[in-house]
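Protein chains in written order, with our numbering: chain P, 349 to 638; chain H, 5 to 401.
Yeah, the Cβ is synthetic: ideal placement off N, Cα and C, and Gly gets one too.
Inspection log for the structure reproduced underneath, given as structure tokens.
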């Protein structure tokens with residue numbers, strides 16, 4: 349039984365990471381109506397920043413530096429992607445464009461870092477393990493849960509309680525009306541795109557000690573993030589949070605209770621949500637225009 | 005996915021081929037056995053993954069094959085070799101057409117390589133019917149030299165069941181209680197566990213549980229590790245490769261199992277780049293394999309030193325398997341002046357013992373290598389982790 353409790357804990361840790369990664373995807377999808385298929389590649393770029401700076405057994409300072417550098421790199425990539433996708437309003441063109449960017453980024457990373465699997469060590473002070481529910485559990489994963497909580501609160505305050513947040517939400521709801529009020533919606537959109545990509549890249553660093561870095565990881569992460577977005581609802585912070593926590597639990601508890609079906613469970617969950625609530629569990633208020 | 009890196013990777017061997025061809029024209033007549041046959045150059049197809057998840061293995065195999073050629077002035081059986089490389093990719097849908105292209109379009113005398121077992125099995129009929137030699141230098145499915153064996157398919161690597169079977173009796177003796185079996189849920193994982201279980205139980209071992217994890221989709225092993233803990237197992241036998249091997253071994257330590265439950269596995273769990281990524285987390289893991297860089301023989305020491313000098317990294321079992329494929333081709337081509345599949349196959353049957361870095365081995369009746377297996381233990385030495393050789397395992401049947 350305690351094994352399942354540890355699985356719940358583990359699901360929360362994975363959920364925290366998924367939240368950080370999926371949030372940007374959801375907001376960009378909801379606000380700009382751009383399906384950014386390069387989101388996974390941005391994540392992978394962040395993971396390789398950690399490989400370059402942290403490798404194994406680095407200090408806390410190096411890890412923090414990796415997080416900051418990944419955030420900058422992610423923001424730059426996000427800004428470039430925002431600029432590129434603005435040139436075309438068509439969904440298929442955008443999907444092809446961002447898919448192409450993701451292939452180029454992944455290939456460039458593979459040329460520089462090789463095709464080997466890289467692992468990333470947790471920063472030295474938190475690399476150990478503690479006993480939780482009678483089982484040994486890595487401290488770093490507990491910290492991830494804390495990070496998820498802090499991030500969720502910070503994003504909630506920013507989006508739901510600040511002026512900037514109300515502009516962002518208004519841009520999701522009705523872009524034309526916001527620009528009629530004299531606000532440069534283009535700048536808001538690029539800002540959100542860059543911030544979302546920065547979060548994905550930071551997620552790449554933070555997930556490093558759990559998932560490592562290797563070619564192909566970008567696609568796995570992108571797929572998970574898309575499932576989270578579909579389950580939670582487009583353009584919604586609370587939806588991304590709920591979706592991430594849910595998928596984290598389905599993955600961890602599912603593998604614990606029904607190991608034979610573990611790989612199908614998240615898609616079963618997604619199918620169920622799509623049947624019952626086609627717009628997702630907590631879609632953004634106000635319609636997303638096509 | 006791997007188009008760009010494929011191009012970059014193929015540039016170097018391409019240049020090597022040109023150089024080899026030139027040096028062949030210069031007419032150096034270093035005699036191999038049977039060097040009096042001054043037949044023209046021979047084309048060998050090298051089919052290894054240059055893109056996708058198996059690319060690191062493909063790189064090692066290409067290096068191993070090329071290394072043998074470089075040591076022997078670019079000749080096999082006294083004939084200048086032109087290597088035609090093709091990308092095996094990740095599965096049969098890319099690998100099989102690539103093999104067919106090597107034979108029909110490039111007119112390769114023989115095809116060497118193949119990492120993926122499904123790919124190897126998928127191209128078996130083609131080679132059987134076109135009577136061309138397929139020399140497998142990795143793919144381990146038991147069926148390749150078992151149920152669907154062919155006169156034209158030979159293997160210089162291993163078969164899954166045998167590598168795992170060699171470990172069974174040793175674990176039965178060392179473990180002080182029941183053993184948990186866990187592997188990735190695909191053909192190789194099942195063959196590894198079945199091979200291990202057979203000899204392990206025959207030697208009196210008890211199984212605490214058996215579980216297969218979704219192949220290629222498991223990044224987090226915590227639920228499975230909790231199940232192992234709950235089963236009361238005193239040791240664990242596992243088979244993983246690539247990224248899953250890294251995650252499994254690292255998490256096995258992070259979740260505290262490594263301290264009191266010894267981890268065993270087939271050697272691919274801790275081989276090559278995978279071991280580098282696992283680092284200190286892998287220390288203490290014991291595996292069975294037919295090669296280790298730490299083998300204490302003059303032949304191996306000389307090989308490892310020369311390989312390191314050439315490629316600036318330690319050789320892996322994958323490199324050795326391809327190196328040996330070149331070695332047996334060297335012997336066989338010397339006795340196959342016409343270069344037809346039938347001649348080559350007959351010559352391969354008569355190559356006898358091969359003096360390899362892994363120790364001496366020879367083909368058995370099923371075209372599989374009859375070879376020694378070693379019990380290896382991961383140890384930390386001078387900042388690097390290596391597979392130290394603990395003992396030689398008694399040959400399993």
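Taking 7 angstroms as the Cβ-Cβ cut-off, the segment 358 to 372 of chain P approaches chain H at 358 and 362, given in chain order. At a C-beta separation below 7 angstroms, residue 471 of chain P has no neighbours in chain H, since its nearest C-beta there lies roughly 14 angstroms away. Taken in chain order, the whole beta strand (DSSP E) runs of length 3 or more contained in the segment 153 to 228 of chain H are 157 to 159, 183 to 189 and 211 to 218. Using a Cβ-Cβ cut-off of 8 angstroms, residue 218 of chain H counts as an interface residue toward chain P, since at least one Cβ of chain P sits closer than that to its own.
Interface flag for residue 312 of chain H against chain P is unset, since no Cβ pair is found closer than 8 angstroms.
A Cβ of chain H is located within less than 8 angstroms of the beta carbon of residue 485 of chain P. Per DSSP, the beta-bridge partners of residue 392 of chain H are H:381. Interface residue (Cβ-Cβ distance to chain H less than 8 angstroms): residue 390 of chain P is not classified as such. Exposure of residue 525 of chain P is indicated by the presence of fewer than 16 other C-beta atoms within 10 angstroms of its C-beta.
Shown in chain order are the members of the segment 568 to 602 of chain P whose Cβ falls below 9 angstroms from a Cβ of chain H: 568, 599, 600, 601 and 602.
In the structure shown, residue 466 of chain P falls within a strand segment according to DSSP collapsed to helix, strand and coil. Rounded to whole angstroms, residue 490 of chain P and residue 230 of chain H show a C-alpha spacing of 17 angstroms.
Of H:333, H:240, H:269 and H:120, the smallest CA-CA separation from residue 59 of chain H is found for H:120. Among the residues of chain H, none has a CB under 9 angstroms from the CB of residue 437 of chain P; the nearest is roughly 29 angstroms distant.
In the DSSP assignment, residue 485 of chain P forms a beta bridge with P:478. For residue 295 of chain H, there is no enclosing beta strand (DSSP E), as DSSP marks it with neither H nor E.
Spanning the alpha carbons of residue 626 of chain P and residue 551 of chain P requires a straight line of approximately 28 angstroms. Chain H places a beta carbon closer than 8 angstroms to that of residue 562 of chain P, counting this residue as a contact. Looking at the DSSP output, residue 83 of chain H shares a beta bridge with H:80.
The continuous stretches of alpha helix (DSSP H) do not include residue 54 of chain H, and DSSP gives it neither H nor E. Non-local C-beta neighbours of residue 477 of chain P in its own chain, meaning closer than 7 angstroms and more than five positions away in sequence, comprise 484, 485, 486 and 487, ordered along the chain. For the pair residue 353 of chain H and residue 324 of chain H, the Cα-to-Cα distance works out to about 20 angstroms. The beta carbons of residue 357 of chain P and residue 480 of chain P sit closer together than 8 angstroms. Following the DSSP letters along the chain, one finds residue 243 of chain H inside the beta strand (DSSP E) bounded by residues 239 to 243. For the segment 569 to 616 of chain P, the continuous alpha helix (DSSP H) assignments of 4+ residues that do not extend past its boundaries occur at 585 to 605, in sequence order. Cβ contact annotation for residue 158 of chain H (same chain, cutoff 6 angstroms, sequence separation greater than five): 139, 352 and 371, in chain order.
Assignment of residue 360 of chain H by DSSP, reduced to helix, strand and coil, places it in the strand class. Cα atoms of residue 392 of chain P and residue 454 of chain P: separation of roughly 8 angstroms, rounded to the nearest angstrom. Within the segment 254 to 275 of chain H, the residues whose Cβ lies closer than 7 angstroms to any Cβ of chain P are, in chain order, 254, 258, 259 and 260. Burial check for residue 313 of chain H: the Cβ neighbour count within 10 Å stays below 16, so the residue is exposed.
Listed along chain H, the residues sitting closer than 7 angstroms to residue 610 of chain P by beta-carbon distance are 218.
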